[in-house]
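Numbering follows full-length UniProt numbering, in which position 17 of the sequence shown is assigned residue number 17; successive positions increment by one, without gaps.
Ideal placement from N, C-alpha and C gives every residue a C-beta, glycine not left out.
Below is one structure, written out as structure tokens; comments come after it.
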Amino acid sequence: MPVIVNGVELSDADLERELPLHEQAGNPMREAVTALVLRRVLLDEASRQGLDASDEEGAIGGLLAREATAPEADEAACRRFYQMHPERFMVGELIEADHILFQVTPSVNLDMLRAHANVVLAELLEDPSRFAEVAREQSNCPSAAVGGSLGQLGRGDTVPEFERAVFALPAGGLLPQLLQTRHGLHIVRVTRRIEGRLLPYEHVAGQIASALTAMSRDIAWRQYVKLLVGRARIQGIDLEDGEPERVFSGSAA
């Protein structure tokens, strides 16, 4: 079924060009179509406001600059962010961690996998000394060959959900519940910690201001796009609540 936005049908050529940009998405085809819909909506509005739509990037940028302005981050907001998220401004912080991965694949029954992983976790909570042995037998990660060892990890070395959990554990700590990430279910422990040091606020103030301003701009852009989508005539796809903002945010980043 063709997708038509404000009377204009999206072409196969446009989709072929857009699709490679969304290869990592859960549903690349849908995300690509949604991105094209949003682009068409923005270009139509830019044209309606008299902007030169022959330069598509310039027209969209001009439209957003005019209609979706966002405030610059002030000193107070930057200092609050620094105080609330000190872990983001630590340097030299390292951990040594082990894990056992129960990989989630399309053919796996997640409930059965979770039940099995919880049994294994309960056994290790009773006898943590068997961690390496169990990792070699059970883990779906290449680290199984070395008893589940991931070696030294710094901030940014793993996916965010894994990082948050392991950096919150003390040395020698075994997480008492399963950790679920995009890769599957994990049993994790930290064997060693090397504490870092907090960078002074003055060293990171500019970085914080840039990040907060970008966040504010992103929120303003997403709200504006949602408004335009609500006004547009879109046929051939039903956009889910929140989907346009998510795809637009990902494309803008």
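- Roughly how many angstroms lie between the CA atoms of E202 and E75, to the nearest whole one? 11 Å
- Task: Identify whether V41 lies in helix, strand or coil by the three-state DSSP scheme.
- Result: helix
- Is T69 buried or exposed, if buried means 16 or more other CB atoms sit within 10 Å of its CB? exposed
- How many Å lie between A117 and Q223 at the Cα? Cα to Cα, the separation comes out at about 41 Å.
- Task: Compute the beta-carbon to beta-carbon distance between E93 and G196, rounded to the nearest angstrom, for a pair I have assumed lies under 8 Å.
- Result: The distance from the Cβ of E93 to that of G196 is about 3 Å, consistent with a contact at the 8 Å cut-off.
- Message: So within the UniProt domain "PpiC" (92-192), which uninterrupted beta strand (DSSP E) runs reach at least 3 residues, ignoring any that extend past its ends?
- Response: 94-103, 149-154 and 179-181
- Message: Beta-carbon within less than 6 Å of H22's beta-carbon, same chain only, minus the 5 sequence neighbours each way: which residues are those?
- Response: P28, E31 and A32
- Query: To which residues of the same chain is V3 closer than 8 Å at the C-beta, ignoring the five residues directly before and after it?
  - Reply: The answer, listed in chain order, is E9, L10, V33, L36, V37, I234, Q235, G236 and I237.
- Compute the beta-carbon to beta-carbon distance between L113 and F102, rounded to the nearest angstrom, for a pair I have assumed lies under 8 Å. 5 Å
- Express the C-alpha separation of A165 and V159 in angstroms, rounding to a whole number. 10 Å
- Query: Apart from the five residues just before and just after L51, which ones in its own chain have a Cβ nearer than 7 Å to its Cβ?
  - Reply: A59, G62 and L63
- Report all residues from its chain with a CB closer than 7 Å to the CB of L198; omit the five preceding and five following residues, and keep chain order. For L198, the CB contacts under 7 Å within the same chain, skipping 5 residues up- and downstream, are P86, F89 and M90 in chain order.
- Query: Cα separation between Q180 and E126?
  - Reply: Spanning the alpha carbons of Q180 and E126 requires a straight line of approximately 21 Å.
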